[in-house]
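Report on the structure given below.
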Amino acid sequence: MLRGFEFDIAHTLSTSVLLLSFALLYQRRLAGVLEAFALQAFFVAAAAAWQAYTQNAPHLFVTAAIALTFKGLIIPIALMRIVRRLNIHRSIETALGVNLTLLAGVGLVALSIVLVFPVTAASGALTRENLALALSIVLLGLLMMITRRNAVTQVVGFMSLENGLILAAVGVKGMPLVVEMSIAFSVLIAFIVFGMFIFRIRERFDTLDLQYLERFRGERSRENP
Amino acid sequence: MRGTAIDLALQILQLSLVLVLAPALTGLTRRLRARLMGRKGPGLFQPYRDLVKLLRKEAVLAENASWLYRSAPYMIFALLWLAAALVPTFTTRLPLSPAADLIALVALIGAARFLQALAGMDVGTSFGGIGASREMMIASLAEPAMLLVIFTMALFIQSTSIPSIAEFVLSQPVGIRVSFALALIALIMVAIAESARIPVDNPATHLELTMVHEAMVLEYSGRHLALIEAASMMKLLFYVSLIAGVFAPWGLAPDDAGIDALAIGACVYAAKLIVAGTLLSVFEASIAKMRVFRVGEYLGGALLLGLLGTIFLYVSQSL
Amino acid sequence: MLIAILATIATLLALGAFGAVRGRPASDSVYIGCAAACGALVVLALFMLGGDSSPRSLALPFGLPWLQANFRVDALAAWFLLAVNVIGAAAGVYGRGYGPHGEEPQRVLACLPVFLAAMNLVVVADDAFVFLLAWEFMSLSSWLLVLANHRQPGNSHAALVYFVMAAFGTAALLLAFGVLAGFEGNYRFADIRLGPPQGWLGGLATALVLIGAGSKAGLVPLHAWLPLAHPAAPSHVSALMSGVMTKVAIYGLVRILFDLSGDLGWGWGAVLLALGGLSAVLGVLYALMQHDLKVLLAYHTVENIGIIVIGLGLALVFKANGLGPLAALALSAALLHVLNHALFKSLLFFGAGAVLVATGERDMERQGGLIHRMPRTATLFLVGSIAISALPPFNGFVSEWLTFQAILNGPSLPQWTLKFAVPVTGAMLALAAALAAACFVKAFGVTFLGRPRSPEAAEAHEVDSAMTGAMAALAALCLAIGLVPTLAILLLNPAVGLLLGTPFPALADGLDPSEWLFFAPLGLQRSSYSGLIVLVAVTIVTFAVVEGVHRLASAEIRRGPPWDCGFPDPHPATQYTASSFAQPIRRVFGTLIFQAREHVDMPEPGESRAARFEARLVDPVWDGLYAPIGRGLEWLTSRANALQFLTIRRYLTLVFAALIVLLIAVVLSE
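Protein chains in written order, with our numbering: chain A, 85 to 309; chain B, 4 to 322; chain C, 171 to 840.
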């Protein structure tokens, strides 16, 4: 009521990013995961652009552009091509049921709010909220990495974790562009490494289910049928 | 005295309005969906003709059907009709509205579902059992999700009476409220599941593996079937009016409104129904039905959205 | 007043002696006597709640010489007396019809009046000694009643588990009172009230009370005995144990936590909320997995106790934060649910008993179609099912609605943990309510609807009028409270005022005439419900529709074979069973909680053996908590077993060593 339009937009954008983290956890098809990831990157870019506009910080537009081109377009399209070429778009092996993962996710969001809010009582509303949401998104990304067995979803989990970091960065005033550039490039490099990795796994094991990799190391030999 | 008479008249008007509009809404969605799929589709008034046809036919009862089976359609229809008539559609001036707040409305719908599931099990066929069991599984997640949506509204507004919520939403320049948006999405998901629409259930199917609602009412015929069908249409209208009345209460005539405000309210309500019907048919035409056990995840998602909405409420309130 | 109550309780004890001496021929007089005595106590309790509700106390010159036996009846005690004795009276009437069908009916005659008397005594006790003595009498007499049908397989195991848990619970309560009484040994409640222990001692006492009373009430994870013991008893006793004895345990909880312990912090409220939410959801999920009607009902008791405890937890939380009216709202919800659950759970157990008498079966998989052969029982069981599923217009809905109203005021709490915990508890409560509806569609649908699955079910007969009469009375009360909840709230309001000092919010400044019709605890603007209007409106609309359709359209009926999508199969085994009904829910919830695994053994084409379907469930509480304790005890006892075969010299050595250790301890403590 008392807050302005600016805040509402920022609030909506960052919540959408969080919601899409949940969508990532909810999806069972790889194509759906990649679409949700692209959409998340789009919202991250929008949030950065909105901050650039309201804070009058043009360098954030660069951040937005980087997020949009790399994470919104190039990486999802490339991953989609990998998925198509390897013909693995069918379904995702979950190590934990979807509902349970979502429930754990809501728990993590509550945890980050309880964690961040009392600590940052002195900061501005937007910073507090952005920090809480960003922490939730990071935790959800980690959750995705540990509860999904497919290598591609692990890459996506890692990237969505990084989306959370960007969100935290754009909310805090005075974040230098260099940091963001380095983050963006590290993500790109990580993507290339992961991509090569995926092909190598596929070549060796004929699957992307990491379970087989673990069995190869002898870790899960007892459990598997 | 005159006020009471107007009260009563408005309540009766509301009862007849929902009765008349319910088949029209279903007819609209069917026609639009057919159009979107490249078919011509039945006319807008086909549901009325179907209902009249069914009503006139004799009812065939299974040999071992009990009194519960015979009386259930009437009670189900009465419960849903009443529930739909207690939601403000064009005015908040409904004398019976305080008899059931949002939680009680959910319970009324729950009572109708309870009877429906029992009626499905009465004849003792396997299909009735399948339908009843799946319906109750869906409800066991949909009802808590619905209540969480109500929590999100009520925790903020401190009220569970629909007229109060509508008044509050109208009186405040509620801009973009994220938790309300989450609650709205959750409520729409629940409404789709509860009124047996795609992707949870397909009202047009008689394929055994996918039936939920239809399996329960498989043995009904004649006027009983007509009432059950009318009750499902009423349920769809109930959810649309509820979403419109709680999240988009614009145009609702207040308690002291004159005849002109009432007329505007009625027109706006009709417009809301058309918009909702269109959106629903577009949604249904563009999506495939999901497996029954995916429904658990779908509604679990709705439940968690509701919970998330509640959490966000605190976030936006404490800022 | 108090003397009259005590005299009636003494009459009950005398009835027990009479029943023990006379045996089977006294059946009718014992049951009628029980019903009359309980009826008298109901009247006394109503008299007190409706009129002058000031506490009355009395000390009788027996018991411990320095303590005497102290009794006291106040509004809280009167409310629980009401709940106990309404069911007691109904059980007396019902037992007259049901008792003679039992295996050895004379076994029940001696214990039942004693059981009733003990429960009443717990409620009017005013010192720890009388309280614990009555508590133990209650446990022992009910334990004997569980053993009434001791020849049936499983019952002796149930009795053993019950015995161990009851002893454990009493031990915890004994220690709790020890802590509460302090070093001076103030065992009178009046003294405890003056100076309850503070700090960690207070916390210890609360924890012990939660364990002691919680195990009797059936709170998860101390519920393990309940679904074994309650169904094993004869049905009218099951009704008393599930409907009333658990409430006496709740009474102990309320008396100690709200009356004797002074100000507890909000942390204990949060503990109660967590335990209550867990009990509600787990209880109903366990119930859904059952196919024995009485076991299912017993698990539902766990759920309802959870709902009551949620109400108590909310009341504690609000009270700790100084929100008096909201605490009164939550406490009223809990106390109302105490009576409501007693009513509909007893009704349902009576119904299960009627089915047991008519078919000789408790297993739902062997029932079916009973609505045709037992129309009255079926209708009354349906009433109970709707009430317990928290659906209008019956009473179960009113108390859950009140609990929801209290939950919706969670944002008024200052603590962040509670801000999140209260809505989550609300979600659990909603989940439990929705699952309860599913569970009772299953229970009623499989037992009473469909086609008979066994010859016994096909030849069942309606039970006699004493049994249906008792059920009808309870059903009528369920409806009455559902329609005019204000009356029940008026009755329990003195108890709320006594414990919290603030009345039920809507009654704070006198009763508005309109509130008889609309039940609006926080004002019409906030929330309101009217069971009466809903019922009247639904009835009018239903009849209008029936009339309209029959007159204007068609009223013809033709009977034919069921259609069943064109493939009707006359064999009743093709119907959905209780376990197939629960399958979707088992898959959605059970995979996680019970590690449910399904295994289909399908023979190859050409093989003649039958296909088999197996569903395996794991009880997480039993396997995770009780089994390890059991194994530990076994290990310990097998070690200790060696001590039985020592020489006298070694025994003497042991005794001597113990003596020396004790002496050293005395020296050290000084």
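Yeah, the Cβ is synthetic: ideal placement off N, Cα and C, and Gly gets one too.
Practice problem: Put C:ALA229 into one of helix, strand or coil per three-state DSSP. | Solution: Taking the first residue of the third sequence as position 1, residue 229 of chain C is located at position 59. It is a strand residue.
Practice problem: Quick one: give me the first and last residue of the beta strand (DSSP E) that B:ILE290 is part of. | Solution: Reading the second sequence from its first residue, position 287 is the one you call residue 290 of chain B. First-last for B:ILE290: undefined, no H or E at that position.
Quiz item: Among the residues of its own chain, which have a CB less than 6 Å from the CB of C:ALA205, if the five just before and after it don't count?
Solution: Working through the third sequence from its first residue, we reach residue 205 of chain C at position 35. Closer than 6 Å at Cβ, skipping near neighbours: ALA259, GLY262, VAL263.
Practice problem: Would you mind stating whether A:PHE106 and B:LEU307 have Cβ atoms separated by less than 9 Å? | Solution: In the first sequence, counting from the first residue as 1, residue 106 of chain A sits at position 22. In the second sequence, counting from the first residue as 1, residue 307 of chain B sits at position 304. The answer is yes: Cβ separation under 9 Å.
Quiz item: Would C:VAL825 be called buried (16 or more neighbouring beta carbons within 10 Å of its own) or exposed?
Solution: Residue numbering aside, residue 825 of chain C sits at position 655 when the third sequence is read from its first letter. Label assigned to C:VAL825: exposed.
Quiz prompt | is_contact[A:SER305, chain B] using C-beta, thresh 9 Å | solution = As a first step, residue 305 of chain A is located in the first sequence; it is residue number 221 there, counting from the start. Low confidence applies here, because A:SER305 scores a pLDDT of 45, under 50, leaving its location unreliable and the question unanswered by this model.
Practice problem: Pull up the DSSP beta-bridge partners for C:GLY730, would you. | Solution: As a working note, residue 730 of chain C is residue 560 in the third sequence. According to DSSP, C:GLY730 bridges with B:ALA65.
Quiz item: If you compare alpha carbons, which of B:THR94, B:ARG42, B:GLU197 is closest to B:VAL215?
Solution: Counting from 1 along the second sequence, the entry for residue 215 of chain B is found at position 212. B:VAL215 has its Cα closest to that of B:GLU197, out of B:THR94, B:ARG42, B:GLU197.
Exercise. Identify whether C:TYR201 lies in helix, strand or coil by the three-state DSSP scheme.
Key: Numbered from 1 along the third sequence, position 31 holds the residue referred to as residue 201 of chain C. In this structure, C:TYR201 counts as helix in the three-state DSSP scheme.
Practice problem: For A:GLY181, go through chain C and note every residue whose CB falls closer than 9 Å to its CB, in chain order. | Solution: In the first sequence, the residue the question calls residue 181 of chain A occupies position 97. Within chain C, the residues near A:GLY181 are THR761, LEU762.
Exercise. Just tell me which of B:ALA8, B:ARG73, B:TYR242, B:THR32 has its CA closest to the CA of C:HIS720.
Key: If you number the third sequence from 1, residue 720 of chain C lands on position 550. Selected option, being the one with the closest Cα: B:ARG73.
Quiz item: Is it a yes or a no for the stretch 277-292 of chain B touching the stretch 162-171 of chain B, going by three-plus beta-carbon pairs under 8 Å?
Solution: no
Quiz prompt | Where the beta strand (DSSP E) through C:GLU768 begins and ends | solution = Position 598 of the third sequence, counted from the start, is the residue given in the question as residue 768 of chain C. From DSSP, the beta strand (DSSP E) with C:GLU768 extends over 767-771.
Practice problem: Using DSSP bridges, identify the partner residues of C:GLU784. | Solution: Within the third sequence, residue 784 of chain C is the residue found at index 614, counting from 1. C:GLU784 pairs with C:HIS769.
Practice problem: Kindly indicate which three-state DSSP category B:VAL109 falls into: helix, strand or coil? | Solution: One-based indexing of the second sequence puts residue 109 of chain B at position 106. Reduced to three states, the DSSP call for B:VAL109 is helix.
Quiz item: What residues in the stretch 187-209 of chain A bring their beta carbon closer than 7 Å to a beta carbon of chain B?
Solution: LEU187, VAL190, VAL193, ALA194, ILE197, PHE201, ALA209
Quiz item: Count the other CB atoms within 10 Å of the CB of C:ALA180; is the residue buried (16 or more) or exposed (fewer)?
Solution: Position 10 of the third sequence holds residue 180 of chain C. Exposed, because fewer than 16 other Cβ atoms sit within 10 Å of the Cβ of C:ALA180.
Practice problem: Run down chain B in chain order and give the residues with a C-beta less than 7 Å from the C-beta of C:PRO562. | Solution: To locate residue 562 of chain C, count along the third sequence from 1; it is residue 392. The contacting residues are ALA107, ALA110, LEU111, ALA114.
Practice problem: Kindly indicate which three-state DSSP category C:ALA403 falls into: helix, strand or coil? | Solution: Mapped onto the third sequence, residue 403 of chain C falls at position 233. If DSSP states are grouped into helix, strand and coil, C:ALA403 belongs with coil.
Practice problem: Give the secondary structure of C:ASP429 by DSSP, where H, G and I count as helix, E and B as strand, and everything else as coil. | Solution: Numbered from 1 along the third sequence, position 259 holds the residue referred to as residue 429 of chain C. Helix.
Quiz prompt | C-alpha distance - A:ILE221 paired with A:GLN124, whole-angstrom precision | solution = As a first step, residue 221 of chain A is located in the first sequence; it is residue number 137 there, counting from the start. As a first step, residue 124 of chain A is located in the first sequence; it is residue number 40 there, counting from the start. Near 11 Å, if we compare the C-alpha coordinates of A:GLN124 and A:ILE221.
Self-check item: Contact with chain C by B:GLY225, beta-carbon distance below 9 Å
Solution: In the second sequence, the residue the question calls residue 225 of chain B occupies position 222. Yes, B:GLY225 counts as interfacial toward chain C.
Practice problem: With a threshold of 16 other CB atoms inside 10 Å of the CB of A:LEU144, please say whether the residue is buried or exposed. | Solution: Here the question's residue 144 of chain A lines up with position 60 in the first sequence. That one is buried.
Exercise. Look at the Cβ atom of A:ALA120, then the Cβ atom of A:ALA148, and state whether they are nearer than 9 Å.
Key: Walking along the first sequence from the start, residue 120 of chain A turns up at place 36. Walking along the first sequence from the start, residue 148 of chain A turns up at place 64. Contact flag unset, no.
Self-check item: Integer Cβ distance of C:VAL256 from C:VAL212, believed to fall under 8 Å
Solution: The residue you call residue 256 of chain C lines up with position 86 of the third sequence. The residue you call residue 212 of chain C lines up with position 42 of the third sequence. With a Cβ gap of about 6 Å, C:VAL256 and C:VAL212 count as contacting.
Quiz item: If C:LEU669 sits next to C:LEU246, beta carbons under 8 Å apart, how far is it from one beta carbon to the other, in whole angstroms?
Solution: Taking the first residue of the third sequence as 1, we reach residue 669 of chain C at position 499. Taking the first residue of the third sequence as 1, we reach residue 246 of chain C at position 76. Rounded, the Cβ-Cβ distance is 6 Å, consistent with contact.
Quiz item: Would you say A:PHE106 reaches chain B, if we count a Cβ-Cβ gap shorter than 9 Å as a contact?
Solution: For this step, residue 106 of chain A is matched to residue 22 along the first sequence. Taking Cβ atoms only, chain B reaches closer than 9 Å to A:PHE106, which makes this a yes.
Quiz prompt | Residue range of the beta strand (DSSP E) that includes C:PHE241 | solution = Looking up residue 241 of chain C in the third sequence gives position 71. It spans 239-243 - the beta strand (DSSP E) in which C:PHE241 sits, taken as one unbroken run.
Quiz item: From which residue to which residue does the alpha helix (DSSP H) around B:VAL181 run?
Solution: Taking the first residue of the second sequence as 1, we reach residue 181 of chain B at position 178. Here the alpha helix (DSSP H) through B:VAL181 covers 181-197.
Quiz prompt | Minimum Cβ-Cβ distance from C:ASN255 to chain B less than 9 Å | solution = Against the third sequence, residue 255 of chain C aligns to sequence position 85. Contacts with chain B at 9 Å (Cβ-Cβ) do not include C:ASN255.
Self-check item: Cross-chain neighbours of A:ALA216 in chain B, by beta carbon under 9 Å
Solution: Reading the first sequence from its first residue, position 132 is the one you call residue 216 of chain A. Those within 9 Å of A:ALA216 in chain B are VAL318.
Exercise. Kindly list the residues whose CB is nearer than 7 Å to the CB of C:PHE428, restricted to its own chain and excluding five residues on each side of it in sequence; keep chain order.
Key: Numbered from 1 along the third sequence, position 258 holds the residue referred to as residue 428 of chain C. Closer than 7 Å at the Cβ level, and outside the excluded window around C:PHE428, lie LEU669.
Self-check item: Nearest-angstrom Cα separation, counted from C:VAL278 out to C:PHE567
Solution: Against the third sequence, residue 567 of chain C aligns to sequence position 397. Against the third sequence, residue 278 of chain C aligns to sequence position 108. Taking the straight line joining both Cα atoms gives about 34 Å.
Quiz item: When the Cα atoms are used, what is the spatial distance from C:SER449 to C:ALA440?
Solution: Residue mapping note: residue 449 of chain C aligns to position 279 of the third sequence, counting from 1. Residue mapping note: residue 440 of chain C aligns to position 270 of the third sequence, counting from 1. Each residue's Cα considered, the two are about 14 Å apart.
Quiz item: Hey, how far is the Cα of C:SER431 from the Cα of C:LEU443?
Solution: The residue labelled residue 431 of chain C in the question sits at position 261 within the third sequence. The residue labelled residue 443 of chain C in the question sits at position 273 within the third sequence. Computed Cα separation, rounded: 18 Å.
Quiz item: In the stretch 635-665 of chain C, which residue ranges form an unbroken alpha helix (DSSP H) of at least 4 residues, counting only runs that do not cross its ends?
Solution: 635-653
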